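Enquirer:
In my numbering, the protein residues as written are 1 to 229.
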């Protein structure tokens, strides 16, 4: 995963690019509903989004930078046991990822002033809905302190861009589970972007996990197929 800018740098960048004005889901219905997103190439008119993409570079998964920790899940006695919850955090200093696999969220991994300042964690869990398994991913966009609110548009872009890397980390780190249940790769991925700004407070379906994990960084969700919470 590429190193990210600090919240202060994000604020300066977002102020100059005016990202929120470029991403306008204002035409979305107000009720809570979710549809699978449609992916397309970025139109040339979104110059500010393209500029940000060039600044951050492509999202690339590096297995050597992933640390996997099992907590409360005995992989020797009960490999691939469900339910399953993923807690993923990122260190800007080392560019390394830490993935905790457990039956609940690893709250201890989210403590500390740095994590509370950055709020760049991703939490996900497997759920069975109407007899079908699906992966539910949660990303915190804004709310909590003013820096996050200032960077809401940029944070939404970064999380969307890095999500395929996150999903690859889940599949790679929890390889035993997917070896036992390969059909999970066909499960739908639901992404919950949580924000105090209605513009970015939304639920998106990224389609089957096997496709979402290899989604092109040149693709963006269509505004016609995304839903606000």
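Just so you know, even glycine gets a beta-carbon here, dropped at the ideal spot from N, CA and C.
The structure presented is a predicted model; accordingly, all values stated were derived computationally and were not measured.
Use the C-beta contact count for residue 142: other C-beta atoms within 10 angstroms, 16 or more gives buried, fewer gives exposed.
Expert: Stepping through the chain shown from its first residue, residue 142 is reached at position 142. Burial call: buried.
Enquirer: When you compare the CB positions of residue 212 and residue 61, do they come within less than 8 Å of one another, or not?
Expert: One-based indexing of the chain shown puts residue 212 at position 212. One-based indexing of the chain shown puts residue 61 at position 61. Against a cut-off of 8 Å, the Cβ pair of residue 61 and residue 212 comes out as no contact.
Enquirer: Whole angstroms is fine: what's the gap from residue 138's alpha carbon to residue 66's?
Expert: Reading the chain shown from its first residue, position 138 is the one you call residue 138. Reading the chain shown from its first residue, position 66 is the one you call residue 66. Cα to Cα, residue 138 sits roughly 19 Å from residue 66.
Enquirer: Does DSSP put residue 125 in a helix, in a strand, or in coil?
Expert: Taking the first residue of the chain shown as position 1, residue 125 is located at position 125. Strand.
Enquirer: To which residues of the same chain is residue 47 closer than 8 Å at the C-beta, ignoring the five residues directly before and after it?
Expert: Residue 47 sits at position 47 when you count from the first residue of the chain shown. Unreliable positioning characterises residue 47 in this predicted model, as indicated by a pLDDT of 42, which lies under 50. A coordinate reading is not provided.
Enquirer: I'd like the list of long-range same chain contacts for residue 63, defined as Cβ closer than 8 Å, with 5 residues on each side in sequence excluded.
Expert: Locating residue 63 in the chain shown gives position 63, where the first residue counts as 1. Counting only Cβ-Cβ distances below 8 Å, and skipping sequence neighbours, we find 172.
Enquirer: Where DSSP assigns a beta bridge to residue 101, which residues make up the other side?
Expert: Along the chain shown, one-based indexing puts residue 101 at 101. According to DSSP, which records beta bridges pairwise, residue 101 is partnered with 70, 86.
Enquirer: From the DSSP output, which residues share a beta bridge with residue 204?
Expert: In the chain shown, counting from the first residue as 1, residue 204 sits at position 204. Beta-bridge pairing links residue 204 to 191.
Enquirer: Buried or exposed: which applies to residue 174, given that a residue is buried once 16 or more other Cβ atoms fall within 10 Å of its Cβ?
Expert: Working through the chain shown from its first residue, we reach residue 174 at position 174. Counting Cβ neighbours within 10 Å, residue 174 comes out buried, since at least 16 surround it.
Enquirer: Are there three or more Cβ pairs, one per stretch, closer than 8 Å when the segment 119-128 is compared with the segment 79-98?
Expert: Short answer: they touch.
Enquirer: If you run the structure through DSSP and keep just helix, strand and coil, what is residue 166?
Expert: Locating residue 166 in the chain shown gives position 166, where the first residue counts as 1. Helix, per DSSP.
Enquirer: Taking the DSSP output, what are the residues bridged to residue 91?
Expert: In the chain shown, counting from the first residue as 1, residue 91 sits at position 91. Partner(s): none; residue 91 has no beta bridge.
Enquirer: Look up residue 214 in the DSSP assignment and say whether it is helix, strand or coil.
Expert: By one-based count along the chain shown, residue 214 stands at place 214. Here residue 214 sits in coil by DSSP.
Enquirer: Where do the N-terminal and C-terminal ends of the alpha helix (DSSP H) with residue 135 fall, by residue?
Expert: For the purposes of this step, residue 135 is identified with residue 135 of the chain shown, where counting begins at 1. From DSSP, residue 135 is part of no alpha helix (DSSP H) but of the beta strand (DSSP E) over 132-140.
Enquirer: In the DSSP assignment, find the alpha helix (DSSP H) that holds residue 175 and state where it starts and stops.
Expert: Position 175 of the chain shown, counted from the first residue, corresponds to residue 175. 175-180 is the extent of the alpha helix (DSSP H) around residue 175.
Enquirer: Are there 16 or more other CB atoms within 10 angstroms of the CB of residue 153, so buried, or fewer, so exposed?
Expert: Position 153 of the chain shown, counting from 1, holds the residue named residue 153. Residue 153 should be labelled buried.
Enquirer: In whole angstroms, what is the alpha-carbon distance linking residue 29 and residue 134?
Expert: The residue you call residue 29 lines up with position 29 of the chain shown. The residue you call residue 134 lines up with position 134 of the chain shown. Here the model assigns residue 29 a pLDDT of 34, short of 50, so the residue's position is not dependable, and the following value carries that caveat. Straight-line Cα distance between these residues: approximately 24 Å.
Enquirer: To the nearest angstrom, how far is it from the Cα of residue 128 to the Cα of residue 181?
Expert: For the purposes of this step, residue 128 is taken as the residue at position 128 of the chain shown. For the purposes of this step, residue 181 is taken as the residue at position 181 of the chain shown. When rounded, the distance between both Cα atoms is 14 Å.
Enquirer: Spatial neighbours of residue 159 within its chain, please: CB distance less than 6 Å, with the 5 preceding and 5 following residues excluded, ordered by chain position.
Expert: On the chain shown, residue 159 is found 159 positions in, with the first residue counted as 1. Excluding sequence neighbours, residue 159 sits near 139.
Enquirer: Since I believe residue 185 is in contact with residue 209 (beta carbons under 8 Å), could you give me their beta-carbon distance rounded to a whole number of angstroms?
Expert: Working through the chain shown from its first residue, we reach residue 209 at position 209. Working through the chain shown from its first residue, we reach residue 185 at position 185. At roughly 5 Å, the Cβ-Cβ gap stays under 8 Å, so residue 209 and residue 185 are in contact.
Enquirer: State the DSSP-derived secondary structure class of residue 111, mapped to helix, strand or coil.
Expert: Counting from 1 along the chain shown, the entry for residue 111 is found at position 111. Residue 111 falls in the coil class under three-state DSSP.
Enquirer: To the nearest angstrom, report how far apart residue 192 and residue 71 are at their CA atoms.
Expert: The count along the chain shown starts at 1 and reaches residue 192 at position 192. The count along the chain shown starts at 1 and reaches residue 71 at position 71. Computed Cα separation, rounded: 24 Å.
Enquirer: Tell me whether residue 61 sits in a helix, a strand or coil according to DSSP, three-state version.
Expert: Here residue 61 refers to the residue found at position 61 of the chain shown. Three-state result, residue 61: coil.
Enquirer: At which residues does the alpha helix (DSSP H) containing residue 106 begin and terminate?
Expert: For the purposes of this step, residue 106 is taken as the residue at position 106 of the chain shown. Run containing residue 106: none; DSSP gives neither H nor E here.
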